[in-house]
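Numbering (the working numbering), first residue to last: 29 to 164.
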Amino acid sequence: MDSFDASTANKQPATGGITVEPFDGVVTATFADVIIGSSKEALLLREEDHDPVFYIPFKDVYFDFLRKSPTVTHCPHKGDASHWSVSANGEGMDDVVWAYETPFAGVAEIAGHAAFYPKKVRIEAVNNQTDQSIDL
29 MDSFDASTAN
39 KQPATGGITV
49 EPFDGVVTAT
59 FADVIIGSSK
69 EALLLREEDH
79 DPVFYIPFKD
89 VYFDFLRKSP
99 TVTHCPHKGD
109 ASHWSVSANG
119 EGMDDVVWAY
129 ETPFAGVAEI
139 AGHAAFYPKK
149 VRIEAVNNQT
159 DQSIDL
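Rendered as structure tokens:
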């Protein structure tokens, strides 16, 4: 019988043409005119056949407006994603934020970071070099 080695469980490399790089600028996520996350230390994840995604460090996400959801999704390249719902300014919406709390090793740098669904929140990214908003 093969034994399961928990120490290597999250060591699967990322595939699918994934790259993660620091974003040189400020990324802000807004829901119902309330900033729910803003960071100068965001990461930009690009994945083959997917739109680019900004990941904001947890320390820059305003979790006072969020509650953890029972929703968990799985990506074969990144791992299992937890989700959070938002309530702000008298409005609410389910599953607006996700995070890979223990991502696979190939994308380990996104641990401790959250991403926001662009169809559910407004995401603004302003590049430091050009002072221009970035459209992804």
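Using N, Cα and C, we set each Cβ at its ideal position, and we do this for glycine too.
When DSSP reads this structure, ALA60 sits in no beta bridge, so it has no partner. In the three-state scheme derived from DSSP, where H, G and I count as helix and E and B as strand, PHE51 is classed as coil. Take the alpha-carbon of ALA60 and the one of GLY118: they are about 8 Å apart. For GLY118, no beta strand (DSSP E) run applies, since DSSP gives it neither H nor E. Judged by DSSP in its simplified three-state form, GLU137 adopts helix.
Relative to the Cα of PRO104, the nearest Cα in the group GLU137, VAL149 and ALA133 belongs to ALA133. When the Cα atoms are used, THR101 and ASP159 turn out to be separated by approximately 35 Å. Residue pairing by DSSP leaves LYS148 without any beta bridge partner.
Nearest Cα to GLY107 within the set PHE93, TYR128, GLY53 and ASN155: TYR128. Per DSSP, reduced to three states, the secondary structure at ASP123 is strand.
Between ILE162 and the set TYR90, PRO80, ALA109 and TYR145, the nearest pair of CA atoms involves PRO80.
The criterion of a C-beta distance shorter than 9 Å is satisfied by PHE93 and VAL114.
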